[in-house]
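A.B. asks:
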Amino acid sequence: MSAVACHQLAPYDQRAGTTVALAGNPNVGKSTIFNRLTGLEVLTTNYPGATVEVNAATVRLDGQVVTLVDLPGLYCLTCTSGDQCAARQALLEWPPDAVVAIVDATNLMRNLYLVLQLIDLGFPVVVALNLADVAERAGIRIDVQQLRELLGVPVIPTVAVRGWGLREVLAEALRAAGQAPAVRHRYSPLLEREVARLASSLDGHIPLSRRGTALLLLEGALQPENLPGLAPQARAPLAERTASAAARLEAASGEPASVAVARERHALAERLAARVTVSPGEFRGRAAWRAAIRPATGVPLLLAVLAVVFTTLFWGGGALAALVDGLWGRLASPPIRALVLALFGGGVVGRTLLWGLDAGLNAVLSVGIPYVLTFYILLGVLEDTGYLNAAAVLLDRLMRGLGLSGRAALPLVAGAGCNVPAIIGLRGLRTERERLIAGTLITMIPCSARTAVIFGAVAYYLGWPWALALYGIVTAVVLTAGWGLNRLIPGRIPDLLAEVFPFRLPTARTVLRKTWVRVRDFVFVAVPIVLWGSVALGALYETGLIRLAAWPLAPLVEGWLGLPTVAGLTLLFAVLRKELALQLLVALAVMEYGRGAQNLRSFMTADQIFTYALVNTIYIPCIATISVLVRALGRRRAALISLGTVTLAVLIGGVAARFLRMV
Amino acid sequence: MEHVAAAARTRPLAGLGAGSCGTIVRIPLDDPGMAAELAALRLLPGEPVGVIEVVPLGGPVVVQTAGGVYALGRRLAARIEVCDNP
Numbered sequence: 007m008s009a010v011a012c013h014q015l016a017p018y019d020q021r022a023g024t025t026v027a028l029a030g031n032p033n034v035g036k037s038t039i040f041n042r043l044t045g046l047e048v049l050t051t052n053y054p055g056a057t058v059e060v061n062a063a064t065v066r067l068d069g070q071v072v073t074l075v076d077l078p079g080l081y082c083l084t085c086t087s088g089d090q091c092a093a094r095q096a097l098l099e100w101p102p103d104a105v106v107a108i109v110d111a112t113n114l115m116r117n118l119y120l121v122l123q124l125i126d127l128g129f130p131v132v133v134a135l136n137l138a139d140v141a142e143r144a145g146i147r148i149d150v151q152q153l154r155e156l157l158g159v160p161v162i163p164t165v166a167v168r169g170w171g172l173r174e175v176l177a178e179a180l181r182a183a184g185q186a187p188a189v190r191h192r193y194s195p196l197l198e199r200e201v202a203r204l205a206s207s208l209d210g211h212i213p214l215s216r217r218g219t220a221l222l223l224l225e226g227a228l229q230p231e232n233l234p235g236l237a238p239q240a241r242a243p244l245a246e247r248t249a250s251a252a253a254r255l256e257a258a259s260g261e262p263a264s265v266a267v268a269r270e271r272h273a274l275a276e277r278l279a280a281r282v283t284v285s286p287g288e289f290r291g292r293a294a295w296r297a298a299i300r301p302a303t304g305v306p307l308l309l310a311v312l313a314v315v316f317t318t319l320f321w322g323g324g325a326l327a328a329l330v331d332g333l334w335g336r337l338a339s340p341p342i343r344a345l346v347l348a349l350f351g352g353g354v355v356g357r358t359l360l361w362g363l364d365a366g367l368n369a370v371l372s373v374g375i376p377y378v379l380t381f382y383i384l385l386g387v388l389e390d391t392g393y394l395n396a397a398a399v400l401l402d403r404l405m406r407g408l409g410l411s412g413r414a415a416l417p418l419v420a421g422a423g424c425n426v427p428a429i430i431g432l433r434g435l436r437t438e439r440e441r442l443i444a445g446t447l448i449t450m451i452p453c454s455a456r457t458a459v460i461f462g463a464v465a466y467y468l469g470w471p472w473a474l475a476l477y478g479i480v481t482a483v484v485l486t487a488g489w490g491l492n493r494l495i496p497g498r499i500p501d502l503l504a505e506v507f508p509f510r511l512p513t514a515r516t517v518l519r520k521t522w523v524r525v526r527d528f529v530f531v532a533v534p535i536v537l538w539g540s541v542a543l544g545a546l547y548e549t550g551l552i553r554l555a556a557w558p559l560a561p562l563v564e565g566w567l568g569l570p571t572v573a574g575l576t577l578l579f580a581v582l583r584k585e586l587a588l589q590l591l592v593a594l595a596v597m598e599y600g601r602g603a604q605n606l607r608s609f610m611t612a613d614q615i616f617t618y619a620l621v622n623t624i625y626i627p628c629i630a631t632i633s634v635l636v637r638a639l640g641r642r643r644a645a646l647i648s649l650g651t652v653t654l655a656v657l658i659g660g661v662a663a664r665f666l667r668m669v
Numbered sequence: 329m330e331h332v333a334a335a336a337r338t339r340p341l342a343g344l345g346a347g348s349c350g351t352i353v354r355i356p357l358d359d360p361g362m363a364a365e366l367a368a369l370r371l372l373p374g375e376p377v378g379v380i381e382v383v384p385l386g387g388p389v390v391v392q393t394a395g396g397v398y399a400l401g402r403r404l405a406a407r408i409e410v411c412d413n414p
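Residue numbers (my numbering), protein chains in the order written: chain W, 7 to 669; chain Y, 329 to 414.
(1) From residue 505 (chain W) to residue 400 (chain Y), what distance separates their C-alpha atoms?
(2) So the beta strand (DSSP E) residue 136 (chain W) belongs to, where does it begin and stop?
(3) Please tell me whether residue 338 (chain Y) and residue 374 (chain Y) are closer than 8 Å, where the distance is taken between their beta carbons.
(4) Below 8 Å between beta carbons: does that hold for residue 327 (chain W) and residue 376 (chain W)?
(5) Rounded to the nearest angstrom, what separates residue 242 (chain W) and residue 230 (chain W) at their Cα positions?
(6) With a Cβ-Cβ cutoff of 8 Å, do residue 4 (chain W) and residue 617 (chain W) count as a contact?
(7) Count the C-beta pairs between the stretch 389-397 of chain W and the stretch 474-493 of chain W that are closer than 8 Å, then say yes if the count reaches three, no if not.
(8) Applying the 10 Å Cβ sphere with the 16-neighbour rule, what's the burial state of residue 57 (chain W)?
(9) Given a threshold of 16 other Cβ atoms within 10 Å of its Cβ, counted over all protein chains shown, does residue 412 (chain Y) qualify as buried or as exposed?
(10) Could you please give me the residues that DSSP links to residue 61 (chain W) through a beta bridge?
(11) Between the alpha carbons of residue 393 (chain Y) and residue 408 (chain Y), how many angstroms are there, rounded?
(12) Can you pull out the residues from the stretch 484-506 of chain W whose beta carbon lies closer than 7 Å to at least one beta carbon of chain Y?
(13) Inspect the CB distances between the stretch 648-667 of chain W and the stretch 500-514 of chain W and report whether three or more fall short of 8 Å.
(14) At which residue ranges does the stretch 347-409 of chain Y contain complete alpha helix (DSSP H) runs of 4 or more residues, listed in the order of the chain?
(15) Does any C-beta atom of chain W lie closer than 8 Å to the C-beta of residue 344 (chain Y)?
(16) With H, G and I counted as helix, E and B as strand and the rest as coil, what does DSSP make of residue 90 (chain W)?
(17) Look at the alpha carbon of residue 397 (chain Y) and the alpha carbon of residue 589 (chain W), and state the distance between them as a whole number of angstroms.
(18) Under 8 Å by Cβ, that's how I've got residue 591 (chain W) and residue 571 (chain W) pegged, so tell me the actual separation to the nearest angstrom.
(19) Using the beta-carbon of each residue, which ones in chain Y are nearer than 8 Å to residue 682 (chain W)?
(20) Going straight from the alpha carbon of residue 220 (chain W) to that of residue 204 (chain W), what length do you get?
(21) Determine the closest residue to residue 415 (chain Y) out of W:25, W:224 and W:648, with distance taken between C-alpha atoms.
(22) Rounded to the nearest angstrom, what separates residue 166 (chain W) and residue 432 (chain W) at their Cα positions?
(23) Residues in the same chain with beta-carbon distance under 6 Å from residue 352 (chain W), minus the five sequence neighbours each way, listed in chain order, please.
(24) Cβ atoms of residue 75 (chain W) and residue 27 (chain W): under 8 Å apart, would you say?
(25) Mind checking residue 272 (chain W): buried by the 16 CB within 10 Å criterion, or exposed?
(26) Going by DSSP, what residues sit across from residue 27 (chain W) in a beta bridge?
(27) 8 Å is my cut-off, CB to CB: does residue 394 (chain Y) come that close to chain W?
(28) With a threshold of 8 Å between beta carbons, is residue 582 (chain W) in contact with chain Y?
(29) Against chain Y, does residue 89 (chain W) count as a neighbour if the rule is that its beta carbon must be under 8 Å from one of theirs?
(30) Taking the alpha-carbon of residue 348 (chain Y) as reference, which of Y:379, Y:391 and Y:384 has the nearest alpha-carbon?
(31) Which residue's Cα is closest to the Cα of residue 131 (chain W): W:157, W:115 and W:325?
(32) If distances are taken between C-alpha atoms only, which option among Y:361, Y:388 and Y:404 comes closest to residue 83 (chain W)?
(33) Report the start-end ranges of each alpha helix (DSSP H) in the stretch 626-650 of chain W that is 4 residues or longer and not cut off at the edges.
(34) Work out the CA separation of residue 406 (chain W) and residue 381 (chain W) for me, nearest whole Å.
(35) Using a Cβ-Cβ cut-off of less than 9 Å, list which residues of the stretch 627-660 of chain W approach chain Y; keep chain order.
(36) In chain Y, which residues lie with their C-beta within 8 Å of the C-beta of residue 392 (chain W)?
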């Protein structure tokens, strides 16, 4: 998931120094290389630019400023989904000074297809022959020197997860920057003749090589109206020339031009791969994913994975929460209380500050972090083994019932970590309809903050069967919503077309680094919000204004949901961050009933805690999610989704409260 | 008659069972983006293809080509025509 890098970005239009793009097929280690290289010394840290959502970061290597651009995974430069279009735009409209083509050494032939396309376009290319260790273990040996000579570009073996060869790759890219490579390969005379004819008719300020552009036009990966640098009046004549060149090629080769070009490039890639592969080796490890995608074994495996995630969260997160709460109570709380009371006295000001500095911080550490940390470690392991990819294949049929393809399973699972990167990940889906349905469902998937509320409140105070029941209700809501949207929104479900990868053993380093980046983000963004939220709620409470503030909510919160009115107020605050609701509630309970495992139970009944967590899970996502939703789907749809989820949460919460009262 | 005989030799990829092989005869070209991606993955006319797994209940068809292993949605697999290997 690109979430790892999503908070380390330089806006794409603010590139500095030499620009180096990282391109490659999916799952070849691009993001690992990006994170490794930007981890050297990140100079700018920003959110992505609004124009193009391509990750970029600026680093310094041996005194030289380099902007690294991490492109989404590509098999070729076509445009069937938002991220592919963004990648193509990033390469064609603002050509980088050099492109690092990251290649999977265990599947050289297929990976060379994109490398050849990049060289055809005239980019200064450096090939990073990644997964060199995996290839070696499988007995695959590649003659690097010969590949370098045949391609006419530098080729460097790398092991991204260990950082091997990455500095050399970047240094080579800087050396190659700005110099067009000598293209050493040629396709059949028939194709080259049509390419040369079309290339000679290209005029204007086209930023790429004419030969490569002509090839792109002929293979249908680029339409003349999208060609950067072409004058508007030149588009129609170029479209005509492209069509007649394609027709001539089709007449001579007996198949559509796009197929003819692809076939020739594959044939060339195969010849090159055959010449440089010293030993083909044998790549094993496919038996495991076969078990993961067959329903008979895959469904039990999926349930087992979910059970492991659930029990680890319950036991691991719960133990960590109790430990942190105990330590805070013994070590941190007494000096903080003594200091605040000494400085500000025991009046309204002193007591209000204690809400933030003692109860608020305690709640962040004991409610938020333990579950979020545990969840992100589990998510990192699942991502890095490649299991999520197999799950997407297994779940394709279920996804179709929701109007989605298996591809949407990945953003939906990512949504269980954080809705924000999951919604950014929607750009990988093929149609607007699929993005709309998946976007709506993601907002209802319990993210790690909501998981913290479910586990920190429901599982911690009421036990795991209650937490399971809550997940059951939310799953039913998501499935019903998807089923309904699929019937309401006109249009067809896109087809699944996805590579299936063998499983890999995750390395502790990458998992821990991912977890650290995500949790660090969580802490730095969450702590100030929770502190100020607690102080604001504390001020309302200590001055007695809380009754006045909560009064308008009373009919809904007390009347319909059967919760204490103050709890409704914390739900309002939670729009800032989801787990803030519970943290404020715990802060409230700590101030009222003192620290301890039973404080929330003294404040609310079991039914109330369950209803509260249920409403908090379903209703409107946090403000950060709403803002990316606006960008991904537009204001109107984001508003509709937000309003829809509030209505749904209040309705379901009220029904659940009545049902619980009956049993 | 000859036309009927030729048509009978080709069938949709989705019609092959797990463990069987064929050669691609036709790929859908109505969506240029999808066609380009199929081509980049070496799912091209003339290419041999082996079916590794057919996920039941209308699930994807998992195939092995010279380019790699891919999962194709059942409807897409139904639109790719193959002929049996001689």
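In this text, a Cβ means the ideal position worked out from N, Cα and C, and glycines have one as well.
Computed from a predicted model, the values in this text were never measured in an experiment.
C.D. replies: In short, the structure shows the following:
(1) 9 Å
(2) 131-136
(3) no
(4) Residue 327 (chain W) places its beta carbon less than 8 Å from that of residue 376 (chain W).
(5) 8 Å
(6) Residue 4 (chain W) is absent from the model: chain W starts at 7 and stops at 669.
(7) no
(8) Confidence is the limiting factor: at residue 57 (chain W) the pLDDT is only 34, short of 50, which leaves the residue's position unreliable, though a coordinate-based value still follows. Label assigned to residue 57 (chain W): exposed.
(9) exposed
(10) W:76
(11) The straight-line gap from Cα to Cα measures roughly 14 Å.
(12) 501, 502, 503, 504, 505 and 506
(13) no
(14) 360-368 and 402-407
(15) The beta-carbon of residue 344 (chain Y) is placed no less than 8 Å from the nearest beta-carbon of chain W.
(16) Reduced to three states, the DSSP call for residue 90 (chain W) is helix.
(17) In a straight line, the C-alpha of residue 397 (chain Y) is about 47 Å away from that of residue 589 (chain W).
(18) Contact between residue 591 (chain W) and residue 571 (chain W) does not hold, since the beta-carbon distance rounds to 13 Å and is not under 8 Å.
(19) The structure shown has nothing for residue 682 (chain W), since chain W only spans 7 to 669.
(20) 6 Å
(21) Limits of chain Y in this structure are 329 at one end and 414 at the other, which puts residue 415 (chain Y) out of reach.
(22) 26 Å
(23) none
(24) yes
(25) buried
(26) DSSP output for residue 27 (chain W) lists W:75 and W:105 as bridge partner(s).
(27) yes
(28) no
(29) no
(30) Y:379
(31) W:157
(32) Of the candidates Y:361, Y:388 and Y:404, the one whose C-alpha sits nearest the C-alpha of residue 83 (chain W) is Y:361.
(33) 629-639
(34) 27 Å
(35) none
(36) Those do not exist, as residue 392 (chain W) stays about 12 Å from chain Y at its closest Cβ, beyond 8 Å.
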